[in-house]
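My numbering numbers the first residue of the sequence shown as 12 and each following residue consecutively. Here the structure comes first, spelled out in structure tokens, and everything after it is commentary.
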Amino acid sequence: MENKLKIFGGKRLVGDVNVEGAKNAILPILAGVILCDGKIEIKNCVDISDVRCMREILKTMNVSSLAKEATLYIDTQKIENQKITHDLTQKVRASIFMLGALLGRFRKASIAFPGGCKIGARPIDIHLRGFKSLGVKVVERHGYIYCNAENMKAGKVVFDFPSVGATESLMMCASLLQGTTKIYGAAKEPEIVDLQNFLNKMGANIHGAGTDCIEIVGVEKLHGGEYEVMPDRIICGTYLLAAATCGGDVTVHNALAWHNEALLSFLKQTACQIDVYNDKIRLRADKRLLSIDKIQTLPYPFFPTDLQPQMMVLQSISEGACTMAENIFENRFSLVPELGKMGANIVVKDRTAVISGVQKLYGADVSASDLRAGAALVIAGMKAEGYTTISNVHYIDRGYERIEEKYSSLGADIKRI
């Protein structure tokens, strides 16, 4: 039987907690190793199920990997181009990154349509249109994507939406392509900068990540080397929102405040106290916080969709009302019925939720529907009166390493059963 999390709520969170390497940076980097010829050490690598799934895919390509503490040792010297089958891609959405890397390295790729959390139609059409604009022949048939890049040429790619995944896929696809490729309308997330930094350290020539125009000058080959992954801004934000919701005094270490400026700006409106010291953020909350009038999710540097469910929990117990608009994923409000079981007052119409703060949440049996909803339910359970049991914990394990241990170290009463 699958594990569940059992939480006895009402405990304040006090202490220090460390942020691991960013899931959304590690996953594309693990695809990027396909472009490299040699041995690679990835430091600050978190042990989560999504990373293990990506390693499993690499293993089918004869790429070995060994995890030791927080470092992943990878050897690509015997890599083979293999079809990535449905049983592998259904486990992790990030498998789509393999497509761009395989095209860059081998000029051919076959991959089943990816799976992942059911938070909306994350279309890969943007990836495929980008490949086609460089001359890649794409055929979709029987649940698979077949790509032939024998006639691929460097050129211009224009996105009509700043897709993070498509930006990263095209960066990898063009890294070993003779000539200069430019991506216009690129996404600006810090994880894209991290991928650029990784590839450049392995010998690539890429500039402009973090802006809406990225330039990739193709090189002949990439080599091995060492790289340390950036800290996870979403995990950092999750801890801060947990502290704000439950009350207490928490210092988050290995936290880069400029990656979470939109969140910190909102939190300052709630009347909690926030102090930033280099790579640490301290949050103190000793009373019921104030609601934020309006929140909407938008691409970086604005408020991220991956923190919206956690923010919804805070707003559900804050004083006042909040209108929250979800502009990225249409199914991001799957959390609402579960919070309703716990006493929250939330009304959803289309992609907007109106959250009226209540005095208390109450423990209940709830189920995670995706990674971030699961993380949000943990926060709700730690705040609620009585016992909360969360099922579908495998979603949470996709992005949070031993979440129960982290919160227990801050004083929460939480265990895996």
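Here a beta-carbon is modelled for each residue, glycine too, at the ideal position from N, C-alpha and C. Please read all numbers here as calculations on a predicted model, not as lab measurements.
query: Could you name the residues of the same chain whose beta carbon sits closer than 7 Å to that of residue 426, not counting the 5 residues immediately before and after it, in chain order?; result: 17 and 415
query: Given that a residue counts as buried once 16 or more other Cβ atoms are within 10 Å of its Cβ, and exposed if not, what is residue 39?; result: buried
query: With 16 as the cutoff for other CB atoms within 10 Å, does residue 224 come out buried or exposed?; result: exposed
query: Using the C-alpha atoms, what's the distance from residue 366 back to residue 360?; result: 12 Å
query: To the nearest angstrom, how far is it from the Cα of residue 424 to the Cα of residue 400?; result: 12 Å
query: Compute the beta-carbon to beta-carbon distance between residue 74 and residue 82, rounded to the nearest angstrom, for a pair I have assumed lies under 8 Å.; result: With a Cβ gap of about 16 Å, residue 74 and residue 82 do not count as contacting.
query: What separation, rounded to the nearest whole angstrom, lies between the Cα atoms of residue 175 and residue 134?; result: 12 Å
query: With a CB to CB cut of under 8 Å and the five nearest residues on each side skipped, what residues in its chain are close to residue 121?; result: 94, 95, 155, 156, 157 and 158
query: Assuming residue 293 is part of the beta strand (DSSP E), what are its boundary residues?; result: 291-296
query: Just tell me which of 14, 296, 124 and 172 has its CA closest to the CA of residue 102.; result: 124
query: For residue 230 and residue 48, I'd like the C-alpha separation in whole angstroms.; result: 13 Å
query: Which partner residues does residue 306 have in the DSSP bridge list?; result: 335
query: As an exercise, report each continuous beta strand (DSSP E) stretch of at least 3 residues that is fully enclosed by the stretch 87-154, in chain order.; result: 119-123 and 148-152
query: Could you check whether the stretch 274-283 touches the stretch 60-68, counting it as contact only if at least three pairs of C-beta atoms, one from each stretch, sit closer than 8 Å?; result: no
query: Which one or two residues does DSSP pair with residue 364 in a beta bridge?; result: 335 and 359
query: In the structure shown, what three-state DSSP assignment does residue 280 receive?; result: coil
query: Could you name each continuous beta strand (DSSP E) segment of 3 residues or more that falls completely within the stretch 232-273, going from the start of the chain to the end?; result: 233-239 and 259-264
query: Leaving aside the five residues before and after residue 118 along the sequence, list all residues of the same chain whose C-beta is less than 6 Å from its C-beta, in chain order.; result: 160 and 161
query: Buried or exposed, going by whether 16 or more other CB atoms sit within 10 Å of the CB of residue 77?; result: exposed
query: Beta-carbon separation of residue 85 and residue 54 under 8 Å?; result: no
query: Does the separation of the CB atoms of residue 332 and residue 296 fall below 8 Å?; result: no
query: If you drop the 5 nearest sequence neighbours on each side, which residues of the same chain put their C-beta closer than 6 Å to that of residue 428?; result: 15 and 17
query: Smallest Cα separation from residue 262: which of 23, 313 and 28?; result: 28
query: Check whether the stretch 343-360 and the stretch 317-327 touch, using three or more Cβ-Cβ pairs below 8 Å as the test.; result: yes
query: Which same chain residues, not among the five before or five after residue 301, have their C-beta less than 8 Å away from its C-beta?; result: 280, 281, 282, 329, 330 and 331
query: Between residue 145 and residue 317, what straight-line distance do the alpha-carbon atoms span, to the nearest angstrom?; result: 31 Å
query: Using the Cβ count rule (16 or more neighbours within 10 Å means buried), how would you classify residue 313?; result: exposed
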